[in-house]
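Position 92, counted from 1, in the sequence shown is what our numbering calls 93; the numbers after and before it change by one each time, with no gaps. Below: one structure, written as structure tokens.
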Amino acid sequence: MACTLRQATRADIPATHAVRMSVRENQLTGGVITERDYVEHLEALGRGWVIEAAGQIVAFAVGNAQSGNIWALFVRPDFERRGFGRRLLDTAVDWLWSQGLMRLWLSTEPATRAQRFYESAGWLNAGTTAQGEIRFELRRPSAGQSNIPPPTEH
């Protein structure tokens with residue numbers, strides 16, 4: 002199935018919110034995030050991207066260039082495990098680095114697949130937020146360095 006990655010627009014908000022509400026982990030209760038929140042993050046604070054497959058938005062990510070935060074990264078459950086999350090994460094991280102940021106952060110619920118996803122992508126556990134989520138950080142690598150830790154020896 003062909004898929005397209007493109008920059009998100011205000012018109013994508015209903016579809017991205019539907020993706021956000023479809024996930025099985027890191028669920029929101031209704032009304033926590035408003036259309037105004039999406040607009041602010043897409044147009045004033047940062048940029049977003051969507052992946053379209055079969056003519057519909059199936060995944061999205063939003064990066065905040067003011068704070069260095071990956072504000073959102075979600076994939077519809079029936080489109081998971083196709084590399085969409087990693088593609089979006091890499092796109093958001095590359096864009097945030099291009100904005101001159103040296104350290105990025107995000108948070109997610111503990112003991113979830115998202116936690117393992119960010120760990121495997123080289124994000125480091127930086128503690129717990131006041132809401133009980135894990136705070137992950139990623140430092141901009143110097144030339145020739147990687148954020149991915151070396152394998153541990155057993």
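Cβ coordinates follow ideal geometry from the N, Cα and C atoms, glycine included.
- Taking 8 Å as the upper bound for CB-CB distance, Q67 and A16 are not in contact here, some 25 Å apart.
- For F75, the enclosing beta strand (DSSP E) has its first and last residue at 70 to 76.
- Take R136, set aside five residues on each side of it, and the residues of its chain with a beta-carbon closer than 8 Å to its own are W106, L107, S108, N126, A127, G128, T129, T130, in chain order.
- Annotated three-state conformation of I14 is helix, per DSSP.
- One thing to note: R48 has its Cβ within 8 Å of the Cβ of G64.
- Ranked by Cα distance from A122, the options L139, L6, P111, A112 are led by L139.
- Taking C-beta separations shorter than 8 Å and ignoring five residues to either side along the sequence, the partners of E26 in its chain run E110, T113, R114, A115, following chain order.
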